[in-house]
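> The opening position of the sequence shown corresponds to residue 6 in this note's numbering, with each subsequent residue numbered one higher. Even glycine gets a Cβ: it sits at the ideal position worked out from N, Cα and C.
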Amino acid sequence: SDIKHILMRHEQCIAPDTKILVNDYSLVAASHMENDWHERKVLAPNPINGSLTPYKIGAYIKVDPKAAGKKVYRLITKETGRTIKASGDHPFWTPNGWKNLEEIKIGDKVAVLPVLDVEEEKLKDAVTILTEDNVIRQAKMLLKNDSAIKEIINDLKAKGLMPLTYDSEKIPAISRIMGHIFGNGGLSKPTFDSKRGEPSVYVFFAIHENRDLEEIKSDLSKIGFKSYPIHGEKRGSGKAGGINRRFRCPSKELWCLLAALGAPVGRKTDTAYLVPEWIMNGSRKIKREFLASLFGNGSHKIKVKPKRHISGPRLFFIKSSDLRKNAEGFAHQIISMLAEFNVRTELSVEDKCLARKYGYYNRFTIAVCDERSNVRNFLKHVGYAHCLEKEEMAAYALEYLEMIEHISKEYESKREDKCGVLASLIPPFNKWLKESTCGLPPKFLWETVESVEEIDENILIDVEIDDVHYFIANGFLVHNCAAHAADGYARASGRVGVCMSTSGPGATNLVTGIANAYMDSSPIVAITGQVPRAFIGKDAFQETDIVGITTPITKCNFQVRSAAEIPKIVKAAFYIASTGRPGPVLIDLPKDTQTEEDEMNFDEKIEFRGYRPTYDPHPLQIEKAAQLLVQSERPIIVAGGGVKSSNACSELVALAETLPAPVATTLMGKGVIPEDHPLSLGMLGMHGTIAANHMVQDADVLLAVGMRFSDRSTGNIKAFCPDGKIIHIDIDSSEIGKNIRPHVPIVADAKKALQAILNRLTQKFTKKERSTWLSRMQTLKNMHEEMIKSVGDGIKPPALMVEIRKMLPNDAIITTEVGQNQMWAALYLKAYKPRTFISSGGLGTMGFGFPAALGAKVACPDVPVVDIAGDGSFLMTEQDLASSIAWKIPVVVVILNNSVLGMVAQWQRLFYNRRYSAVDLKGIPDFVKLAESYGAQASRVQSIEEFRKAFKEAINSDVTTVIDVPISPEENVLPMVPPGNTLKDLILS
Numbered sequence: 006s007d008i009k010h011i012l013m014r015h016e017q018c019i020a021p022d023t024k025i026l027v028n029d030y031s032l033v034a035a036s037h038m039e040n041d042w043h044e045r046k047v048l049a050p051n052p053i054n055g056s057l058t059p060y061k062i063g064a065y066i067k068v069d070p071k072a073a074g075k076k077v078y079r080l081i082t083k084e085t086g087r088t089i090k091a092s093g094d095h096p097f098w099t100p101n102g103w104k105n106l107e108e109i110k111i112g113d114k115v116a117v118l119p120v121l122d123v124e125e126e127k128l129k130d131a132v133t134i135l136t137e138d139n140v141i142r143q144a145k146m147l148l149k150n151d152s153a154i155k156e157i158i159n160d161l162k163a164k165g166l167m168p169l170t171y172d173s174e175k176i177p178a179i180s181r182i183m184g185h186i187f188g189n190g191g192l193s194k195p196t197f198d199s200k201r202g203e204p205s206v207y208v209f210f211a212i213h214e215n216r217d218l219e220e221i222k223s224d225l226s227k228i229g230f231k232s233y234p235i236h237g238e239k240r241g242s243g244k245a246g247g248i249n250r251r252f253r254c255p256s257k258e259l260w261c262l263l264a265a266l267g268a269p270v271g272r273k274t275d276t277a278y279l280v281p282e283w284i285m286n287g288s289r290k291i292k293r294e295f296l297a298s299l300f301g302n303g304s305h306k307i308k309v310k311p312k313r314h315i316s317g318p319r320l321f322f323i324k325s326s327d328l329r330k331n332a333e334g335f336a337h338q339i340i341s342m343l344a345e346f347n348v349r350t351e352l353s354v355e356d357k358c359l360a361r362k363y364g365y366y367n368r369f370t371i372a373v374c375d376e377r378s379n380v381r382n383f384l385k386h387v388g389y390a391h392c393l394e395k396e397e398m399a400a401y402a403l404e405y406l407e408m409i410e411h412i413s414k415e416y417e418s419k420r421e422d423k424c425g426v427l428a429s430l431i432p433p434f435n436k437w438l439k440e441s442t443c444g445l446p447p448k449f450l451w452e453t454v455e456s457v458e459e460i461d462e463n464i465l466i467d468v469e470i471d472d473v474h475y476f477i478a479n480g481f482l483v484h485n486c487a488a489h490a491a492d493g494y495a496r497a498s499g500r501v502g503v504c505m506s507t508s509g510p511g512a513t514n515l516v517t518g519i520a521n522a523y524m525d526s527s528p529i530v531a532i533t534g535q536v537p538r539a540f541i542g543k544d545a546f547q548e549t550d551i552v553g554i555t556t557p558i559t560k561c562n563f564q565v566r567s568a569a570e571i572p573k574i575v576k577a578a579f580y581i582a583s584t585g586r587p588g589p590v591l592i593d594l595p596k597d598t599q600t601e602e603d604e605m606n607f608d609e610k611i612e613f614r615g616y617r618p619t620y621d622p623h624p625l626q627i628e629k630a631a632q633l634l635v636q637s638e639r640p641i642i643v644a645g646g647g648v649k650s651s652n653a654c655s656e657l658v659a660l661a662e663t664l665p666a667p668v669a670t671t672l673m674g675k676g677v678i679p680e681d682h683p684l685s686l687g688m689l690g691m692h693g694t695i696a697a698n699h700m701v702q703d704a705d706v707l708l709a710v711g712m713r714f715s716d717r718s719t720g721n722i723k724a725f726c727p728d729g730k731i732i733h734i735d736i737d738s739s740e741i742g743k744n745i746r747p748h749v750p751i752v753a754d755a756k757k758a759l760q761a762i763l764n765r766l767t768q769k770f771t772k773k774e775r776s777t778w779l780s781r782m783q784t785l786k787n788m789h790e791e792m793i794k795s796v797g798d799g800i801k802p803p804a805l806m807v808e809i810r811k812m813l814p815n816d817a818i819i820t821t822e823v824g825q826n827q828m829w830a831a832l833y834l835k836a837y838k839p840r841t842f843i844s845s846g847g848l849g850t851m852g853f854g855f856p857a858a859l860g861a862k863v864a865c866p867d868v869p870v871v872d873i874a875g876d877g878s879f880l881m882t883e884q885d886l887a888s889s890i891a892w893k894i895p896v897v898v899v900i901l902n903n904s905v906l907g908m909v910a911q912w913q914r915l916f917y918n919r920r921y922s923a924v925d926l927k928g929i930p931d932f933v934k935l936a937e938s939y940g941a942q943a944s945r946v947q948s949i950e951e952f953r954k955a956f957k958e959a960i961n962s963d964v965t966t967v968i969d970v971p972i973s974p975e976e977n978v979l980p981m982v983p984p985g986n987t988l989k990d991l992i993l994s
């Protein structure tokens, strides 16, 4: 459970019920081929033996080539009860060296490590078995390069230097070698030897009294470069009585390796007249490391303002050189290589003038005409942390060292001096590096093996992205349906939904779904295709500026400019979408970046400047809110969708019961309090309940949580809650005071703010008696219940909603379209749990309900999902009946069929003297035949009895079912507040 928590905390894609297996360089989710899956299963061939095996719907199964078909063992340690499951040949570190799991016996010792990147309370029992894979993982974390350390380990294995050993008398540990090269005051510099015409590595270090020159030379040779001569050169006396030595190792292989590992590069490069062919024609990696040797450590200047002679750069490099010939040709070669990394550059006009004056270039300036952030990203690839400014370098070092507890604690008091602390941190960091084994902190723990048993199961890797594969692998027929389905998935699950589309019209078809998610604060990530980078801005086929189009309706959007950016952009997109006030994020992916090969850093930390959501409330504001609430005679709470997003429903109910205070909800907040709770008033607003509207208007203190005071909730905003003092809690500071100026504003996460108020009330105040206020609430609620009773012939929508509720379990999910169907459901179909009522609130998008139901069903396959639709709304997205049938996503669609656009007709009837215009749908199409043509089940009912029978069959069916319910076109949704009136001015009949 600890490992599972870590994976989920770091946004790894695993389901909560997934089994965990240590395997193949990472902790991966393992499919457990037993009967403990969800009820909904599919039979698919087992990749190992071909037999039909039950798989969870949505899972993508891939055989682990190292583990498939091998014996599986379960190891349990005594001290912490840690359970590890792995194949028999998986290596573990023991006092006697590496042992396979099948060789380990009861009573043996195995090494474990504390997990250092989780909260303190999660640290106690969370341990990682010290396997060879974990050694590599820790080294990768230290050296910041996945592929390079892997190459080193493989190279050492090939040379017989693995397994690693702690016995320095046998084989030198790789940490000693790395320490000699990188640490202890030394500096390794990949440069270019102009005399030899090849790259060289100069290793500078101080030979101290306790270090032997021959030992270092021997260690360097054991890395695999003993065929190259190493020359010593006396450079003067060193510190502590030692002597500085300088070694030159002319090795292309070592030069590339050290650059890849992050070695500081030369301060000055005496480069040959032209870049050699093996670099110009080499791989992107070789070019990148060569550029690192030019622009690293001191050979560049960073300036924010443009220079007078340079046309508009945001940042530029000045390269001094001893060149006398062909420097311009060399500079253009560098510019050409920079262009391959999408960094736009030019040669300085000023340097061209100097060259004409003196006849040669004694320096050249490459002006980078690009955004500062793009250049930063490039420098991080080729120049490492050295491109950062001083404060950022200090912060980077501090952040790095915080992982090593015994160092960060030692320098805790010095953190305020960020610029000065870097120098004081270097010695202990080098000491840690020297004493570590391949980046592994030496303070591992020994645990005793309590049991080892063989397990009879197949090992498969389950790389399931929960169930989002329905959107990606299978696809929806209509682009906007995919966006709505991702939205429905996000609202039902609380996790980020994902949708994808092609470029051009595919991207623009997502816009309505993205805008809907933005208005309702729903976390989705939309990924759109785009034309190749070279064609952007040239009106290429199916090119649209989707980034510009979606800027007003997304929290953030990105256009990928190189494949190497993808890991960071994807992490940032999911982080931004799901934190603070949730919302949509768009990633625009040009076609050529999808096929480009590059080195990926999937462990890259997210740094997004300017995005700092406020979660903790201000104590003084909490005190003010608590005092107002406890002193009030007629308090009321109005809860919006922010309570759901914050998972603050239990805190809301607890506060309501503590005061006590009635709770009204907005449309988006429906379900945050069970609507059969004695303090629940139902929905507030234009079509709000009698109790909610009257109680809000009569309150003396109103606590608004996670809602934005929209016009649909307040009625005449100037007359809203006229005698009440308003406390407004919202995580989005822009909502505070936008429509109504609160007396006590609180910018904070709803859960934390409600917890703080509740704690304050229980600590300091006593519950106040409010029987008169609560008695009035019950009287008003009884009036609302009377409106449900059927009057006249035919099926009445309010009574139909009550019948649907009776036949569904409490955790069933209801989605709605937009119009009369939406308001009937919101008023009369009660929600008992959060995330079980899903509707389009802010944008009012017709056609939202059906694809949202499909997304909700993917998120929650074990509960019934019902879409309450109108005939007009269902026509907007009925095409995705095809997706529902093809991908076996069964939902129930109840169509309230009045053959008109009901809400528009109601307004024309009530406020425009029955002048009907553009609302008559002529009873077209026949929804039963339409649904059956897609392969869905369908029926038409004429009475409540017929409906009960059809609905019971529908919720037990394994295919989507459409129930057509004819109703009168004269039906109105009541109560209703006429436009411009107060919430009390309700039309009741």
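Give the range of the beta strand (DSSP E) segment to which Val536 is assigned.
Val536 -> no beta strand (DSSP E), and no H or E assigned at all.
> Look at the alpha carbon of Glu740 and the alpha carbon of Gly647, and state the distance between them as a whole number of angstroms.
The alpha-carbon atoms of Glu740 and Gly647 are separated by roughly 12 Å.
> Does DSSP classify Arg361 as helix, strand or coil?
Summary for Arg361: the model assigns pLDDT 48, below 50, so the residue's position carries little reliability, and this model does not support an answer.
> When you compare the segment 962-982 with the segment 834-848, are there three or more beta-carbon pairs, one atom per stretch, that lie closer than 8 Å?
Flag = no, the segment 962-982 and the segment 834-848 do not touch.
> So what does DSSP say about Gln547, is it helix, strand or coil?
coil
> Between Leu5 and Leu634, which are expected to be in contact by the criterion C-beta below 8 Å, what is the C-beta distance as a whole number of angstroms?
Nothing can be reported for residue 5, as the shown portion of the chain is limited to 6 through 994.
> Opposite Ile873 in the DSSP bridges: which residues?
Paired residues: Thr821 and Val899.
> Taking all protein chains shown into account, do 16 or more other C-beta atoms lie within 10 angstroms of the C-beta of Phe956, making it buried, or fewer, making it exposed?
buried
> Decide if Asn698 is buried, meaning its Cβ has at least 16 other Cβ atoms within 10 Å, or exposed.
buried
> Would you kindly report the start and end of the unbroken alpha helix (DSSP H) that includes Pro750?
Looking at the DSSP string, Pro750 is not in any alpha helix (DSSP H); the run it does join, the beta strand (DSSP E), is Val749 to Val752.
> Measure how close the beta-carbons of Pro510 and Gln535 come, nearest whole angstrom, since I'm counting them as under 8 Å.
Contact flag wrong, Cβ pair sits at about 13 Å.
> Hey, how far is the Cα of Gly847 from the Cα of Thr841?
18 Å
> Return the CA-CA distance between Pro59 and Pro557, expressed in angstroms with no decimal places.
Annotation note: pLDDT 43 at Pro59 (below 50); position unreliable, coordinate value reported separately. Their Cα atoms are separated by approximately 45 Å.
> For the segment 511-518 and the segment 904-917, state whether three or more C-beta atom pairs, one from each stretch, are separated by less than 8 Å.
The answer is no - the segment 904-917 does not touch the segment 511-518, with fewer than three Cβ pairs under 8 Å.
> Determine the direct distance from the alpha carbon of Thr820 to that of Arg500, and round the result to whole angstroms.
Roughly 17 Å between the two C-alpha positions.
> Quick one: what does DSSP say Lys306 is sitting in, helix, strand or coil?
Confidence is the limiting factor: at Lys306 the pLDDT is only 39, short of 50, which leaves the residue's position unreliable, though a coordinate-based value still follows. Lys306: coil per DSSP, three-state reduction.
> Evaluate Arg920 with the Cβ neighbour count: other Cβ atoms within 10 Å of its Cβ, from every protein chain shown; 16 or more gives buried, anything less gives exposed.
That one is exposed.
> Given a cut-off of 9 Å, decide if Lys838 and Gly676 are closer than it, judged by their beta-carbon atoms.
Yes, the pair counts as a contact, with Cβ atoms nearer than the cut-off.
> Only counting the same chain, and skipping five residues up and downstream in sequence, which positions put a Cβ closer than 8 Å to that of Met688?
Ala669, Thr670, Thr671, Leu672, Lys675, Thr694, Ala697, Ala831 and Leu832
> Determine which residues share a DSSP beta bridge with Cys726 and list them.
Answer by DSSP bridge pairing: none, since Cys726 is not bridged.
> Less than 9 Å between the beta carbons of Phe932 and Leu805, yes or no?
No.
> With burial defined as no fewer than 16 other Cβ atoms inside 10 Å of the residue's Cβ, what is the status of Gly645: buried or exposed?
buried
> By Cβ distance below 6 Å, which residues in the same chain neighbour Ile731 in space, the five residues on each side in sequence not counted?
For Ile731, the CB contacts under 6 Å within the same chain, skipping 5 residues up- and downstream, are Leu707, Pro747 and His748 in chain order.
> Check for me: the beta strand (DSSP E) holding Asn562 runs from which residue to which?
Cys561 to Gln564
> Need the endpoints of the alpha helix (DSSP H) that Leu634 sits in, please.
Pro624 to Gln636
> Name the DSSP beta bridge partners of Phe842, please?
Ile819
> What are the start and end residues of the alpha helix (DSSP H) that includes Ile890?
Looking at the DSSP string, the run of the alpha helix (DSSP H) that includes Ile890 is Leu886 to Ala891.
> If you draw a straight line from the C-alpha of Trp892 to the C-alpha of Leu813, how long is it?
24 Å
> Could you spell out the range, first to last residue, of the beta strand (DSSP E) harbouring Arg945?
Gln942 to Arg945
> I'd like to know if the segment 658-667 and the segment 756-772 are in contact, where contact means that at least 3 CB-CB pairs between them fall below 8 Å.
yes
> With DSSP as the reference, label Met505 as helix, strand or coil.
Looking at Met505 - three-state DSSP - the assignment turns out to be strand.
> What does the alpha-carbon distance come out to for the pair Asp597 and Val565?
10 Å
> Identify, in the order they occur along the chain, each residue of the same chain with its Cβ nearer than 8 Å to the Cβ of Asp705, setting aside the five sequence neighbours on each side.
Ser637, Glu638, Arg639, Pro640, Asp728, Gly729 and Lys730
> For a quick check, are the C-beta atoms of Asn485 and Thr882 less than 9 Å apart?
Yes; because the gap between Cβ atoms is below 9 Å, this pair is in contact.
> Count the other CB atoms within 10 Å of the CB of Glu452; is the residue buried (16 or more) or exposed (fewer)?
The residue is buried, with at least 16 neighbouring Cβ atoms inside 10 Å.
> Contact between the segment 888-908 and the segment 527-542 is defined here as three or more beta-carbon pairs at a separation below 8 Å; is this criterion met?
no
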